[in-house]
Amino acid sequence: MFRYLKLRNKKMNVTLNGKPKDISDRTTLETIIRGHCQSPEHVVAELNGSIIGRSFWESTTLKENDRLELVSFVGGG
Amino acid sequence: MTVQNDNLTIAGKTFTSRFLLGTGKFSSKTALAESIAASNAEIVTVALRRIDIDQHEENIIQYIPKNVTLLVNTSGARNAQEALRIARLARESGCGNWIKVEVINDSKYLLPDNAETVKATELLVKEGFIVLPYMSPDLYIARELVAAGAATVMPLGSPIGSNKGLKTKELIQILINEIDIPIIVDAGLGAPSQAAEAMEMGADAVLVNTAVATAGNPQLIAQAFAEAVKAGRLAYLSGLPSEKICAEASSPLTGFLYE
Amino acid sequence: MHFDLANIQDILSDQDPQLTERLAQEAARLTRQYFGRAISLYAPLYISNYCSCFCTYCGFNNHNHIPRLKLTADQIEQEMQKIAHSGIENILILTGESYQMTPLSYLKETVLISKKYFSSTALEIHPLEEEEYRELYLAGADSVTLYQETYNRSRYAEVHLSGKKKDYDFRYQAPERIARAGFRQISLGVLLGLSDLAEDLFALFSHLRQMEQAFPGVEYSLSFPRLRQIKGKDLSLSRIDNISFIKTICLARIYFPRIGINLSTRESPTLRDHAIELGVTRISAGSNTSVGGYSTADPERQNPQFDIADSRSVAEMLCMLKEHHFDPVLTDWRRIDNT
Chain V
9 MFRYLKLRNK
19 KMNVTLNGKP
29 KDISDRTTLE
39 TIIRGHCQSP
49 EHVVAELNGS
59 IIGRSFWEST
69 TLKENDRLEL
79 VSFVGGG
Chain B
138 MTVQNDNLTI
148 AGKTFTSRFL
158 LGTGKFSSKT
168 ALAESIAASN
178 AEIVTVALRR
188 IDIDQHEENI
198 IQYIPKNVTL
208 LVNTSGARNA
218 QEALRIARLA
228 RESGCGNWIK
238 VEVINDSKYL
248 LPDNAETVKA
258 TELLVKEGFI
268 VLPYMSPDLY
278 IARELVAAGA
288 ATVMPLGSPI
298 GSNKGLKTKE
308 LIQILINEID
318 IPIIVDAGLG
328 APSQAAEAME
338 MGADAVLVNT
348 AVATAGNPQL
358 IAQAFAEAVK
368 AGRLAYLSGL
378 PSEKICAEAS
388 SPLTGFLYE
Chain D
9 MHFDLANIQD
19 ILSDQDPQLT
29 ERLAQEAARL
39 TRQYFGRAIS
49 LYAPLYISNY
59 CSCFCTYCGF
69 NNHNHIPRLK
79 LTADQIEQEM
89 QKIAHSGIEN
99 ILILTGESYQ
109 MTPLSYLKET
119 VLISKKYFSS
129 TALEIHPLEE
139 EEYRELYLAG
149 ADSVTLYQET
159 YNRSRYAEVH
169 LSGKKKDYDF
179 RYQAPERIAR
189 AGFRQISLGV
199 LLGLSDLAED
209 LFALFSHLRQ
219 MEQAFPGVEY
229 SLSFPRLRQI
239 KGKDLSLSRI
249 DNISFIKTIC
259 LARIYFPRIG
269 INLSTRESPT
279 LRDHAIELGV
289 TRISAGSNTS
299 VGGYSTADPE
309 RQNPQFDIAD
319 SRSVAEMLCM
329 LKEHHFDPVL
339 TDWRRIDNT
């Protein structure tokens, strides 16, 4: 019983935009992005150096020590 | 009176406006939207940055009309590989594949690294991007960029943000004389008169950011820039009165022909 | 300065002496600015007058019954020794246009001999393929001179009646092949008097512009030979007067401030002496335009390609140049082996 409870609440550490972040085990990219971005339609995700297309956000779960970069447009010359 | 068919063509796409607007440093996104509208800019530059995950900011894209071509710059890149990485991210966003290659490894003057710019252009063209490289005016580099497949060449007038105008005028003139792809003067233009000057020289377009974004009334000066670009272009098309060949007072050289 | 046909036509047809003077002053100013008062000297050496072409305006044409000569290696050496003795370091080697009589091997051999006597070897020969030009370049030739004669295609066809020279495009595209072969100096030109002057100048300037853009590392020069009398016979098809000739030189200088402008001994001493003030930067001296004319052939029986109007020797030219405060340059660079 105790072991089962522990597994369900497992947290892991990832790096999000350069900062350490604790997230739940089995969080998908889709969840993270929707949770942090106002306009996800213009966001680009790069996981461990590779670009993950938006059609794969739902199916991609994060793992311990993953490095995630979420970028979008800002003003520039 | 308008001149027919004097459109700007870049990578097969035609534009009526020869005024490009940068979107950095605006005090508000509304000011940006108004400036785009007032100048009828059809190409604007944007940058890519990590989103601020703690703030939920509105995306700048919402303030740029859908029919405007987005030119994503690779600002932040210090070498060709970083520029490539940014370009790939930009393309993934679905907003097109036009990239302004901006490779800067100099935080004092923000001068572009011409050599890395050439490498970046080669890499990006190979991956199918439409590349508009920002560079320090140099004829050899411009030729290499043409050979690499750049769609235009964007020589700086003076350092980014300096508002010093066409300090590199003579070198830009050489590019205009010798390079066949469109020349877009970018960086350092601080006043509409300077934009007009660039167009009178024969530049194909200009890109302005700081002078508009940091003006007291961005909307008004954006309009002024756009009109100056048009005026300069008309002057160029009409052909400026050629500088008179001035004879210096010295002994006659051709008297012998008429004796 | 941008050039266009209308502009050139206007300048050539304008009778106002003041315009001529203004052009000359501007041309002189630009020449001083980019060249100082340096004038390079060279001498032509005709090694063969065999020709397989019939060009109606030329003394070497294959319908002209003149004794045909082709120098042997020894004779070439002798001629070169004579020329080198006068102080000349830049040699221009000329042949008629005969692929058979003056094949590549003969030309290469000549270049190799030339290297012994001169610091710079230029060639004015029939148009070749790129690979052939490359062999000559690697053998040590530095420069090629090739005139389109006229850029007007129908006129070109009218005056080039037989032989490979009939092929306008092969000739027109040759400068490109010369540049690709590695040559660092190329001289273009038109024969004044063959066709409409303004049109030919515009076409020549356009050709030069194209070459400049495609091969920017090459040093270009222009020549404006005027059709001359040959053995007293005037073969020019239209008169190009001295005023037009001087204007031509001025325009070339104004439109192309840094290119060399050559002037041969076709022109009189008076004209040459004035022309060097206005834009000409390379002149021939002590010239002989007959095959073997410097040392071997009987002077009375020579058959020159054109009659020489300025027969001053190298020493006399050096003297004249210094008197007029010019800086005569016999050699301005020496070749490290061409690779």
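Going down the list, the sequences are from chains V, B and D. Using this note's numbering, the first residue of the first sequence is number 9, and each one after it goes up by one. Using this note's numbering, the first residue of the second sequence is number 138, and each one after it goes up by one. Using this note's numbering, the first residue of the third sequence is number 9, and each one after it goes up by one. Quick reminder that beta carbons are idealized off the backbone N, C-alpha and C, glycines included. Predicted model only: the values in this text are computed from it and were never measured.
Assign residue i to one of three DSSP states: helix, strand, or coil.
i                : result
Asp281 (chain D) : helix
Glu38 (chain V)  : helix
Asn251 (chain B) : helix
Val209 (chain B) : strand
Gly369 (chain B) : helix
Cys63 (chain D)  : strand
Ile311 (chain B) : helix
Asn204 (chain B) : coil
Gly159 (chain B) : strand
Leu271 (chain D) : strand
Asn234 (chain B) : coil
Asn21 (chain V)  : strand
Ile348 (chain D) : Since the first and last residues shown for chain D are 9 and 347, residue 348 (chain D) lies out of range.
Pro319 (chain B) : coil
Leu344 (chain B) : strand
Asp74 (chain V)  : coil
Residues in the same chain with beta-carbon distance under 6 Å from residue i, minus the five sequence neighbours each way, listed in chain order, please.
i                : result
Thr258 (chain B) : Val238, Val268, Pro270, Leu282, Ala285, Ala287
Thr64 (chain D)  : Val167
Asn216 (chain B) : Glu253
Ala46 (chain D)  : Asp335, Val337
Thr256 (chain D) : Phe232
Using a C-beta to C-beta distance shorter than 9 Å, which residues of chain B count as neighbours of residue i?
i                : result
Ile251 (chain D) : Thr391, Leu394, Tyr395
Glu54 (chain V)  : Arg222, Arg225, Leu226, Glu229
Leu78 (chain V)  : Arg187, Ile188, Ile190
Ala25 (chain D)  : This sequence places Pro at residue 25 (chain D); Ala is not what is there. Near Pro25 (chain D) (Cβ distances below 9 Å), the residues of chain B are Thr391, Gly392, Leu394, Tyr395.
His282 (chain D) : Leu390, Thr391, Phe393, Leu394
Cβ closer than 8 Å: which chain V residues qualify as neighbours of residue i?
i                : result
Glu194 (chain B) : Gln46
Ala328 (chain B) : Within 8 Å Cβ-Cβ: nothing; Ala328 (chain B) doesn't reach chain V, min ~17 Å.
Lys245 (chain B) : Correct list: empty, because the minimum Cβ distance to chain V is about 17 Å.
Residues in the same chain with beta-carbon distance under 8 Å from residue i, minus the five sequence neighbours each way, listed in chain order, please.
i                : result
Asn251 (chain B) : Met272, Ser273, Asp275, Ile278
Met9 (chain V)   : The predicted model places Met9 (chain V) with a pLDDT of 49, which falls under 50 and marks its position as unreliable, so this point remains unresolved.
Arg75 (chain V)  : Val22, Thr23, Leu55, Asn56, Gly57
Asp317 (chain B) : Val283
Leu79 (chain D)  : Ile55, Ser56, Glu87, Val299, Gly300, Thr304
Asp22 (chain D)  : none
Ser321 (chain D) : Ser94, Ala293, Gly294
Ala148 (chain B) : Trp235, Ile267, Ala288
Work out the CA separation of residue j and residue i for me, nearest whole Å.
i                : j                : result
His332 (chain D) : Ile248 (chain D) : 27 Å
Ala283 (chain D) : Thr110 (chain D) : 34 Å
Asn210 (chain B) : Val345 (chain B) : 14 Å
Tyr107 (chain D) : Gly67 (chain D)  : 18 Å
Cys421 (chain B) : Ser164 (chain B) : Because chain B is modelled from 138 through 396, residue 421 (chain B) falls outside the range shown and cannot be assessed.
Leu157 (chain B) : Arg225 (chain B) : 23 Å
Gly44 (chain D)  : Leu38 (chain D)  : 9 Å
Gln141 (chain B) : Leu374 (chain B) : 11 Å
Tyr164 (chain D) : Gln17 (chain D)  : 21 Å
Tyr159 (chain D) : Arg234 (chain D) : 15 Å
Ala407 (chain B) : Lys174 (chain D) : Within the shown structure, residues of chain B are numbered from 138 to 396, placing residue 407 (chain B) beyond reach of any answer.
Asp12 (chain D)  : Gln218 (chain D) : 14 Å
Thr68 (chain V)  : Thr36 (chain V)  : 5 Å
Tyr246 (chain B) : Ser295 (chain B) : 10 Å
Arg151 (chain B) : Ser162 (chain D) : Looking at the sequence itself, residue 151 (chain B) is Thr, so the reference to Arg does not match. Thr151 (chain B) and Ser162 (chain D): Cα-Cα distance of roughly 40 Å.
Under a CB-based cut-off of 8 Å, is residue i close to chain C?
i                : result
Glu315 (chain B) : Looking for chain C here will not work: the only protein chains present are V, B and D.
Which chain V residues sit within Cβ distance under 9 Å of residue i?
i                : result
Ser212 (chain B) : Gly84, Gly85
Since residue i meets chain B, which of its residues come closer than 8 Å, beta carbon to beta carbon?
i                : result
Leu24 (chain V)  : Ile190
Pro364 (chain D) : Residue coverage of chain D in this structure runs from 9 to 347, which leaves residue 364 (chain D) outside it and unanswerable.
Return the chain-ordered list of same chain residues with a C-beta closer than 7 Å to the C-beta of residue i, the five sequence neighbours on each side being excluded.
i                : result
Thr351 (chain B) : Lys162
Ser404 (chain B) : Past the boundaries of the shown model lies residue 404 (chain B); chain B is included only from 138 to 396, so the question cannot be answered.
Val365 (chain B) : Residue 365 (chain B) is actually Ala in this sequence, not Val. Within the same chain, Ala365 (chain B) has close Cβ partners Pro329, Ser330, Ala332, Ala333.
Can you pull the chain V neighbours of residue i, defined as C-beta to C-beta under 7 Å?
i                : result
Leu269 (chain B) : Per Cβ cutoff of 7 Å: no residues; Leu269 (chain B) is ~13 Å from chain V at best.
Val366 (chain B) : Chain V residues near Val366 (chain B): none, gap ~17 Å exceeds 7 Å.
Using the beta-carbon of each residue, which ones in chain B are nearer than 7 Å to residue i?
i               : result
Ile59 (chain V) : Arg225, Leu226, Glu229
Could you tell me which uninterrupted alpha helix (DSSP H) segments, each at least 4 residues in length, are contained entirely in the stretch 249-284 of chain B, listed from first to last along the chain?
251-263
Taking the runs of the beta strand (DSSP E) that are 3 residues or longer, which of them lie wholly in the stretch 88-173 of chain D?
98-103, 128-132, 151-157, 168-170
With a floor of 4 residues, list each alpha helix (DSSP H) that falls wholly inside the stretch 161-232 of chain D, ordered by position along the chain.
161-167, 176-180, 182-189, 205-222
Threshold first: 4 residues or longer. Then list the alpha helix (DSSP H) segments lying entirely within the stretch 320-345 of chain D, N to C.
322-331
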